[in-house]
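The block underneath contains the structure these notes are about, expressed in structure tokens.
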DNA sequence: ACGGGCCCGGCAAGAAGTTGCCATATGTTG
DNA sequence: CAACATATGGCAACTTCTTGCCGGGCCCGT
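Chains as they are written, first to last, in our numbering: chain A, 542 to 887; chain B, 542 to 887.
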């Protein structure tokens, strides 16, 4: 005669169902429920089916926290980037996320705003929750990285830290591609616009550029360092105009784009007066006018390779600490490079 | 006489210390250690200090999983975006992340690749681990969103779902700004380049544009829908050239940029032949040539406001479901708009 | 017919914390 | 000095799930 007691919104604290609730409803023990979900085959097929049905009716979902506690597997990976809004990281993030998702892992993305303090704090916070770490463009010192790498499997990107697995692009072939392309267009004097001094990649690019240019004869000169941003690019543009060369290779695309802007803003033409090449092929390189010729890094692949290796290590593989994993580069030709001396207007 | 037994790398499985280890080393009970960390004041200051020192020496860190289990507080928030590489989301992500970090929360960022299936899966996966959810540009249906919102506090961005708190930009004033700017330059016929039909924002922008144009006299026409991408923009460019107006307002910056490219590629001039305006002021709007005039949304603020509200709700505040939280817009003037009929060349 | 294996379900001990309640010591008040 | 309040630490139960081990039932080979 009294109405329904268990309405939908009564004030009783309705906690989500647990395996105990399911067990009771299905007439089995909690451990059987647990096994029905996490150890298929261990329990009789019919029983399992019944349990699954009951669980579904009750709206049961496993509690990942409780599950992780005993087994020490959180199925989470940390991806730490210096700046999530730097287009350089886009496809790295995607690649990492896809690879992780495919393996049933979730990635915890943290943006450290180029601050090594924030980076350490973020690590502090997330490290205990994740099984492994991918460090993209870390601003921390090698030794700090090594210490952290002791606590969890780790892969660093675009940087080589001895003792820690890393993924880098094939800078050497990239540099050669850039030089060859420019020489093919008749240029024989290049300016390399350097990025941050602390950058491992910058050092390598400069070295390989010189290497690639050596036997061939052309001269490369270096200006900088400049911050790897649009602003750094305009700064570099001013420096370049003081002592021009017909071809310029920038540390990265952002710098190249800023530089082009400065040049164009002062009445110079690209590529007629200056051929410019960048590195990385970030989103935006195709947006600018003229489109930027650039040495493309397979960003997506870097991300997925890193996660792939991390997962392998988690599954017992030996970390690859000797030599970095190298991914290939390719040259994307757009409109910012052209033949030396071409001058359709004059 | 035997050497050190506990070297640094001996094969014994060295598990991270727990409160039990600390308790033993400090000569207190585990509960006291627990309280020393989670309930300051509950234990004697000296004892607490001693415990803290011992813990530090042992390298103890609390295990967030174990901590969350009993109290049901994971200190994590989910931020689900349709596309993490869409510049529109950059500052939203930053704002959200900053606000969360400031409150001691970690954000779990998920990119759903514009797929409502992936979105549901991601939610499935992360929802049990987080205390609240921010949905940016969800591709799910209103009803699915409402169902999900029942399970955890949620805020949706740039969309109004009745019954769920939301943060939106002040579209009405934004539209008026665009129209006024263009009229101030002498334009009196506008084309609105529509975005995806399913987009709530698109509908509103179009409505408010018409509204803003009404009394004033100028005519607005609409073409589209187009996908909100660069490609959509070139498509729109073709459509526009068939039936031109001197001024065009695009659903968003990406569309506007693609459109400008198409126009310029066909010998038209911007802003001399076409004035174009976008929405959102994404990264890239200042990169293109000419720089894109746009109705800026305070993206960062949207992100932080959303998280702020979420945290408030978690702390007991009533969710703001009646009216959306509105953030203001502003007009960023760049080079893509100019006076009607200006023609310095001809 | 009986010992030896499977199959399958259950028991109970963790995993690393939190917290309600109790016990003791100390301080305070009348 | 008794009675009571407060500060501080400990005990043990609790969060949800996993898993090693045990044992009953059943089938098989001999």
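Virtual Cβ for every residue (Gly too), placed ideally from N, Cα, C.
Against chain A, with Cβ distances strictly below 8 Å, would residue 825 of chain B count as a contact?
yes
Out of curiosity, what's the CA-to-CA distance linking residue 623 of chain B and residue 651 of chain B?
8 Å
Where do the N-terminal and C-terminal ends of the beta strand (DSSP E) with residue 761 of chain B fall, by residue?
Element bounds for residue 761 of chain B: 760-764.
Which same chain residues, not among the five before or five after residue 595 of chain B, have their C-beta less than 7 Å away from its C-beta?
Answer for residue 595 of chain B: 563, 566 and 567, listed in chain order.
Would you verify that the beta carbon of residue 609 of chain A is, or is not, closer than 8 Å to some beta carbon of chain B?
yes
With 7 Å as the limit, tell me which residues of the region 670-683 of chain A have their beta carbon closer than that to any beta carbon of chain B; keep them in chain order.
Taken in chain order, the members of the region 670-683 of chain A whose beta-carbon sits within less than 7 Å of a beta-carbon on chain B are 670.
Using a Cβ cut-off of 8 Å, which residues of the region 589-605 of chain B contact any Cβ in chain A, in chain order?
602, 603, 604 and 605
Check whether the region 845-860 of chain B and the region 808-826 of chain B are in contact - that is, three or more C-beta pairs closer than 8 Å.
no
Return the residues of the region 693-722 of chain A that lie within a Cβ-Cβ distance of less than 7 Å from chain B, sorted by chain order.
none
Could you check whether the Cβ of residue 798 of chain B sits closer than 8 Å to any Cβ belonging to chain A?
yes
Between residue 837 of chain B and chain A, is there a C-beta pair that is closer than 8 Å?
Output row for residue 837 of chain B: interface = no.
Distance check for residue 831 of chain A and residue 694 of chain A, CA to CA, integer angstroms please.
43 Å
Measure how close the beta-carbons of residue 795 of chain B and residue 770 of chain B come, nearest whole angstrom, since I'm counting them as under 8 Å.
Going by Cβ atoms, the distance from residue 795 of chain B to residue 770 of chain B rounds to 6 Å, so yes, they are a contact pair.
Residue 762 of chain B: which of B/774, B/788 and B/776 sits nearest, CA to CA?
The residue with the shortest Cα to Cα distance from residue 762 of chain B is B/788.
With 8 Å set as the bound, which would you pick, yes or no: does the beta-carbon of residue 842 of chain A sit closer than that to a beta-carbon of chain B?
no
Between A/859, A/773, A/706 and A/607, which has its C-alpha nearest residue 735 of chain A's C-alpha?
A/773
Is the distance from the Cβ of residue 640 of chain B to the Cβ of residue 848 of chain B below 8 Å?
yes
By the 7 Å beta-carbon criterion, what residues does the region 637-666 of chain A contribute toward chain B?
Closer than 7 Å at the C-beta level to chain B, one finds these residues of the region 637-666 of chain A: 638, 647, 649, 650, 652 and 666.
Terminal residues of the continuous beta strand (DSSP E) containing residue 647 of chain A?
647-652
For residue 752 of chain A, collect the residues of the same chain with a Cβ closer than 8 Å to its Cβ; drop the 5 residues on either side in sequence, then sort them by chain order.
713 and 716
Less than 8 Å separating the beta-carbons of residue 619 of chain A and residue 675 of chain A?
yes
Given a cut-off of 8 Å on the beta-carbon distance, is the pair residue 838 of chain B and residue 818 of chain B in contact?
no
If you follow the beta strand (DSSP E) that residue 873 of chain A is in, where does it begin and where does it stop?
871-873
State whether the region 867-883 of chain B contacts the region 807-818 of chain B, with contact taken as three or more CB pairs (one from each stretch) at a distance under 8 Å.
Three or more Cβ pairs drawn from the region 867-883 of chain B and the region 807-818 of chain B lie within less than 8 Å of each other, which places the two stretches in contact.
Using a Cβ-Cβ cut-off of 8 Å, state whether residue 761 of chain A counts as contacting chain B.
No - not a single Cβ of chain B is within 8 Å of the one on residue 761 of chain A.
Is any heavy atom in the ligand MG found nearer than 7 Å to the beta carbon of residue 695 of chain A?
Ligands are entirely absent from the displayed structure, and the ligand MG is therefore not among its contents.
Less than 8 Å between CB atoms is the rule here; does residue 828 of chain B satisfy it with respect to chain A?
yes
Quick one: Cα of residue 881 of chain B to Cα of residue 707 of chain B, how far?
38 Å
Take the Cβ of residue 544 of chain A as the centre, count every other Cβ of all protein chains shown within 10 Å, and call the residue buried at 16 or more, exposed below.
Here residue 544 of chain A scores only 36 on pLDDT, less than 50, and its place in the model is too uncertain to base an answer on.
Determine the direct distance from the alpha carbon of residue 678 of chain B to that of residue 743 of chain B, and round the result to whole angstroms.
Roughly 12 Å separates the two Cα atoms.
In whole angstroms, what is the alpha-carbon distance linking residue 781 of chain A and residue 764 of chain A?
Cα to Cα, residue 781 of chain A sits roughly 8 Å from residue 764 of chain A.
Against chain A, does residue 875 of chain B count as a neighbour if the rule is that its beta carbon must be under 8 Å from one of theirs?
no
Nearest by alpha-carbon distance to residue 621 of chain B: which of B/604, B/644, B/610 and B/657 is it?
B/657
If you drop the 5 nearest sequence neighbours on each side, which residues of the same chain put their C-beta closer than 6 Å to that of residue 666 of chain B?
In its chain, beyond the 5 residues on either side, no residue has a beta carbon closer than 6 Å to the beta carbon of residue 666 of chain B.
Any beta carbon from chain A within less than 8 Å of residue 739 of chain B's own beta carbon?
no
When you compare each of B/811, B/630, B/600 and B/558 to residue 834 of chain B by their alpha carbons, which one comes out closest?
B/811
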